[in-house]
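Worksheet: one structure, shown below.
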Amino acid sequence: MNCEIKRVTQDDLDQLQQISRQTFSETFSAKNSAEDMKKYLEEELAVEKLTAELSDQNSEFYFATVDNRVVGYLKVNSGLAQTELKDDNGLEIERIYVLKEYHGKRVGQLLYDHAIHMARQMKAGYVWLGVWEENPRAIHFYKKNGFVEFDKHVFKLGDDEQTDIMMKLHL
Ligand SMILES: CC(C)(COP(=O)(O)OP(=O)(O)OC[C@H]1O[C@@H](n2cnc3c(N)ncnc32)[C@H](O)[C@@H]1OP(=O)(O)O)[C@@H](O)C(=O)NCCC(=O)NCCS
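As structure tokens, then:
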């Protein structure tokens with residue numbers, strides 16, 4: 000399988016919204032109410048929101064493609080674009096999402112490796128992220144890549160307040 004990583008631009012907005020909504024639904028629908036899901040998909044993954052995120056100098060999105068089909072994506076934030084900490088020395092992996100049918104096929108690992116490559120390029124001291132405590136696959140994935148829990152924070156999905164585990168990897 001030949002998987003490629005490419006930077007996402009404003010021209011890719013429709014594809015970005017499509018992969019964002021599909022992977023978010025696949026990941027979280029089973030454990031959340033339809034109402035909370037709908038709210039998140041409509042508000043947080045709206046065209047206006049994604050457009051603003053894409054134009055932020057401190058955020059970068061990447062697609063993973065297989066035979067030109069987008070099968071996953073990555074969003075990383077530095078500086079003030081980070082959702083918390085906002086430390087110049089850090090890089091946040093805010094989103095790493097792969098279509099279910101491509102889990103366990105190294106697509107997630109390739110996107111992840113790209114994030115680490117970027118962190119090293121910008122000479123970041125550490126990479127951090129927040130992951131829902133009820134997402135065991137992702138937690139296992141980060142742990143096997145060396146991430147360690149350092150805190151917890153509250154994340155709102157629709158009207159539901161959930162706990163995210165915050166994890167960090169020193170470079
Ligand atoms: C997170 C993600 C990018 C990782 O990519 P992936 O291809 O699934 O990763 P891998 O298969 O290499 O690693 C997953 C690991 O979790 C393990 N795993 C799977 N289900 C598990 C479960 N229920 N509990 C614990 N571990 C589990 C797998 O066995 C594998 O570990 P191993 O390599 O030691 O066998 C991908 O699963 C994904 O996109 N998930 C949906 C979106 C998401 O949750 N994103 C993260 C939001 S913070």
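Numbering-wise (numbering that gives the first Met the number 0), the sequence shown opens with residue 0 and increments by one.
Backbone N, C-alpha and C define an ideal beta-carbon position, used for all residues, glycine too.
query = Which runs of the alpha helix (DSSP H) fall wholly inside the segment 85-138 and span at least 4 residues, in chain order?
reply = Qualifying alpha helix (DSSP H) stretches, in chain order: 106-120.
key: Nearest candidate by alpha-carbon position, reference K173, set F154, G145 and K5   = The question about residue 173 has no answer, for the chain in this structure spans 0 to 170.
ask   = What runs of the beta strand (DSSP E), each 3 residues or longer, lie entirely inside the segment 23-86?
value = Segments of the beta strand (DSSP E) lying fully in the segment 23-86: 58-65 and 68-77.
ask   = For the candidate residues R136, Y141, E132 and K142, whose alpha-carbon lies nearest to that of T162?
value = The option with the nearest alpha carbon to T162 is E132.
task = Report the rounded CA-to-CA distance for Q16 versus H169, giving the unit in angstroms.
result = Approximately 31 Å between the Cα atoms of the pair.
task = Please determine if the segment 110-129 and the segment 23-37 are in contact, where contact requires at least 3 C-beta pairs separated by less than 8 Å.
result = Pairwise C-beta distances place the segment 110-129 out of contact with the segment 23-37, as fewer than three of them are shorter than 8 Å.
ask   = Cβ-heavy atom distance between Y39 and ligand 1 below 7 Å?
value = Answer for Y39: no, Cβ out of range of ligand 1.
query = Using the C-alpha atoms, what's the distance from V126 back to L86?
reply = Note on identity: in this sequence residue 86 is Asp, with Leu being the wrong assignment. Taking the Cα positions, D86 is about 11 Å away from V126.
message = For ligand 1, is there any heavy atom lying closer than 7 Å to the beta carbon of H116?
response = H116 Cβ: outside cutoff for every heavy atom of ligand 1.
task = Mind checking who I176 pairs with in its DSSP beta bridge?
result = Given that the chain is displayed from residue 0 to residue 170, the structure contains no residue 176 and the question cannot be resolved.
request  = Could you have a look at F149 and say whether DSSP puts it in helix, strand or coil?
outcome  = In the three-state DSSP reduction, F149 falls in the strand class (E or B).
inquiry  = For T50 and N67, I'd like the C-alpha separation in whole angstroms.
reply    = Going by C-alpha positions, T50 is about 22 Å away from N67.
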